[in-house]
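Undergrad:
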Amino acid sequence: MPPRLAPLMTIDAQSAECASQLNVINPATGEVIGHAPDAGQYELDLAVAAAQRAFPGWKATPRAERQQALNQFAKRLVEHADELARLFTLEHGRPLNQAKEEILGAAHWIRGIAQLDTPVEIVEETAQRRVEVHYDPLGVVCAIVPWNFPVLLASWKISHALITGNTLVLKPSPFTPLTTLRLGELTRDLLPAGVLNIISGGDHLGPLMTSHPGFAKISFTGSTATGRRIMESAARDLKRITLELGGNDAAIVLPDVDVEQIAQQLFMGAFFNSGQVCVACKRLYIHDAIYEQLRDRLHQLAQNLPVGDGMVEGNVFGPIQNLAQYRRVLQMRDEAREAGLTLLEGGPVPETGYFMPLTLVDNPPEDARVVTEEAFGPILPLLRFSDIDEVIARANATEYGLAGAVWSKDVDQAVTIAKRLDTGTVWINQNLESSPGIPLGGHKQSGFGVENGVAGLMEFVQPKSIFIPKSA
Numbered sequence: 327m328p329p330r331l332a333p334l335m336t337i338d339a340q341s342a343e344c345a346s347q348l349n350v351i352n353p354a355t356g357e358v359i360g361h362a363p364d365a366g367q368y369e370l371d372l373a374v375a376a377a378q379r380a381f382p383g384w385k386a387t388p389r390a391e392r393q394q395a396l397n398q399f400a401k402r403l404v405e406h407a408d409e410l411a412r413l414f415t416l417e418h419g420r421p422l423n424q425a426k427e428e429i430l431g432a433a434h435w436i437r438g439i440a441q442l443d444t445p446v447e448i449v450e451e452t453a454q455r456r457v458e459v460h461y462d463p464l465g466v467v468c469a470i471v472p473w474n475f476p477v478l479l480a481s482w483k484i485s486h487a488l489i490t491g492n493t494l495v496l497k498p499s500p501f502t503p504l505t506t507l508r509l510g511e512l513t514r515d516l517l518p519a520g521v522l523n524i525i526s527g528g529d530h531l532g533p534l535m536t537s538h539p540g541f542a543k544i545s546f547t548g549s550t551a552t553g554r555r556i557m558e559s560a561a562r563d564l565k566r567i568t569l570e571l572g573g574n575d576a577a578i579v580l581p582d583v584d585v586e587q588i589a590q591q592l593f594m595g596a597f598f599n600s601g602q603v604c605v606a607c608k609r610l611y612i613h614d615a616i617y618e619q620l621r622d623r624l625h626q627l628a629q630n631l632p633v634g635d636g637m638v639e640g641n642v643f644g645p646i647q648n649l650a651q652y653r654r655v656l657q658m659r660d661e662a663r664e665a666g667l668t669l670l671e672g673g674p675v676p677e678t679g680y681f682m683p684l685t686l687v688d689n690p691p692e693d694a695r696v697v698t699e700e701a702f703g704p705i706l707p708l709l710r711f712s713d714i715d716e717v718i719a720r721a722n723a724t725e726y727g728l729a730g731a732v733w734s735k736d737v738d739q740a741v742t743i744a745k746r747l748d749t750g751t752v753w754i755n756q757n758l759e760s761s762p763g764i765p766l767g768g769h770k771q772s773g774f775g776v777e778n779g780v781a782g783l784m785e786f787v788q789p790k791s792i793f794i795p796k797s798a
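In the working numbering, the protein residues as written are 327 to 798.
1) Got a sec? Which residues, its chain only, sit under 7 Å from residue 689 by beta carbon, not counting five neighbours each side?
2) With C-beta atoms as the reference, is residue 782 less than 9 Å away from residue 486?
3) Which residues in the same chain have their Cβ closer than 6 Å to the Cβ of residue 428, if we skip the five residues on either side of it in sequence?
4) List the whole-angstrom C-beta distance separating residue 410 from residue 509, where the pair is believed to meet the contact cut-off of C-beta under 8 Å.
5) Using DSSP's beta-bridge definition, name the partner residues of residue 397.
6) Tell me, which residues are paired with residue 745 by DSSP?
7) Hey, quick one: how far does the alpha helix (DSSP H) through residue 543 stretch, first residue to last?
8) With DSSP collapsed to three states, give me the class of residue 756.
9) With a threshold of 6 Å on Cβ separation, who are the neighbours of residue 517 within its own chain once the five nearest residues in sequence on each side are excluded?
10) Would you kindly check if the distance between the Cβ of residue 470 and the Cβ of residue 556 is under 9 Å?
11) What's the call for residue 649, buried or exposed, on a 16-neighbour Cβ count within 10 Å?
12) Touch check for the segment 527-546 and the segment 752-770: three-plus C-beta pairs under 8 Å?
13) Using a Cβ-Cβ cutoff of less than 7 Å, which residues in the same chain neighbour residue 332 once the five nearest sequence positions on both sides are dropped?
14) Tell whether a beta-carbon distance below 9 Å holds between residue 800 and residue 482.
15) Is residue 368 buried or exposed, if buried means 16 or more other CB atoms sit within 10 Å of its CB?
16) Taking the C-alpha atoms as reference points, what is the distance between residue 701 and residue 612?
17) Judging by CA-CA distance, which residue of 377, 662, 699 is the nearest neighbour of residue 551?
18) For residue 457 and residue 447, what's the separation of their Cα atoms in angstroms?
19) Quick check on residue 403: buried or exposed, where buried means 16 or more other Cβ atoms within 10 Å of its Cβ?
20) Rounded to whole angstroms, what's the CA-CA distance from residue 658 to residue 618? Just pull it up for me.
21) Measuring straight from C-alpha to C-alpha, what distance separates residue 628 and residue 684?
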């Protein structure tokens with residue numbers, strides 16, 4: 327069936343709309359392809375009130391029943407994967423087959439997180455007493471999701487919050503609201519009213535949510551600059567926060583690698599989703615001994631892998647998702663060109679839409695903007711190195727610390743280097759890998775708290791120690 331291009335919000339398991347509407351743009355064409363409600367304080371208050379009413383009952387629901395509901399939720403995603411993927415590509419731009427992978431990946435994540443638990447711990451057992459630690463849900467969670475992985479990251483927040491007994495109000499990005507709103511429509515019958523509420527709105531809605539006194543916790547994925555503002559807002563009433571923020575992730579390639587074997591993996595680790603991945607490689611450090619060989623192979627890939635409308639079969643890369651980000655990345659590229667840096671561009675791209683050739687920057691200085699800032703687009707600096715200690719220092723010389731990678735046939739040496747990188751995740755001879763059971767978090771200004779794994783669940787609960795005497 328064709329996707330609906332005007333899905334409604336879900337509040338208290340019912341359809342909800344409002345007078346104001348957001349235009350949703352197809353970034354492959356620049357055309358308006360749908361509309362979403364532009365909610366404000368009134369709709370937000372309704373959603374929070376519904377979640378507050380639902381919280382006591384959902385908290386008391388046995389964990390096995392919450393798990394069953396989430397598994398049914400995941401099943402519904404799979405059943406409607408084709409419809410959701412098409413809607414995803416229209417509003418996001420990513421090629422259709424990759425869009426479907428995200429929908430199925432979200433289902434996998436929901437099932438995986440639902441299997442995790444925060445069981446009662448017995449921390450003391452003596453003849454006189456037993457001390458148990460229980461983990462209670464926090465209450466109503468505010469979830470704010472970005473545009474680069476709108477369904478997958480929504481699934482993380484939904485599964486973490488709901489399996490631990492919290493209720494949720496979720497806001498997708500105003501650039502990519504349609505698929506998430508449609509997801510809410512498709513799953514209203516699977517959860518008690520008010521447990522999951524999905525509202526959409528423009529940039530004004532986020533601050534209204536983070537300052538709302540009805541929330542006990544904020545879970546946000548997005549830029550470090552916005553994360554700082556959210557942290558300030560949450561401090562006013564001591565809301566709990568989980569912030570997954572920016573990264574300027576470095577990969578280090580040692581001279582013993584097989585260039586032909588790893589080149590495409592490295593390329594996709596940087597350019598998948600047109601470089602719009604928080605943990606993508608954004609600085610590629612290549613040893614002098616293999617620099618030219620690997621540079622030339624990566625340039626060849628850039629020239630040969632097709633970029634275009636995600637609805638057209640065969641395209642591997644889509645557009646930059648929105649006009650503001652498109653202009654920012656173009657400006658970064660143009661500044662590099664004006665500074666006299668060597669740009670190695672890929673093949674032609676469509677003239678309409680937010681497209682830019684896949685671009686490599688050949689050994690720019692370390693203080694170039696394209697090196698020091700997170701591009702979040704299809705441009706990658708290649709940087710030479712010859713000394714291990716020096717390259718580790720260069721990789722760590724950033725305010726960010728989200729992820730990194732080391733490529734070498736000597737795994738022991740790679741592990742030694744990995745331990746010295748100031749990041750929350752380090753991949754060895756791989757990239758962009760994760761699973762529901764593995765914590766993801768950032769060092770420095772790449773985040774606060776973690777998602778996934780039992781450590782991620784702990785972000786959504788609070789411990790309660792109960793002292794139980796053995797005799798009255």
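All C-beta atoms in this analysis are idealised placements derived from N, C-alpha and C, irrespective of residue type, glycine included.
TA: If we stick to the structure as given:
1) 708, 709, 710
2) yes
3) 477, 478
4) 7 Å
5) Partner(s): none; residue 397 has no beta bridge.
6) Paired residue(s): none; residue 745 is not in a bridge.
7) Careful: residue 543 lies outside any alpha helix (DSSP H), inside the beta strand (DSSP E) at 543-547.
8) coil
9) 395
10) yes
11) exposed
12) no
13) 360, 361
14) Given that the chain is displayed from residue 327 to residue 798, the structure contains no residue 800 and the question cannot be resolved.
15) exposed
16) 19 Å
17) 699
18) 8 Å
19) buried
20) 24 Å
21) 6 Å
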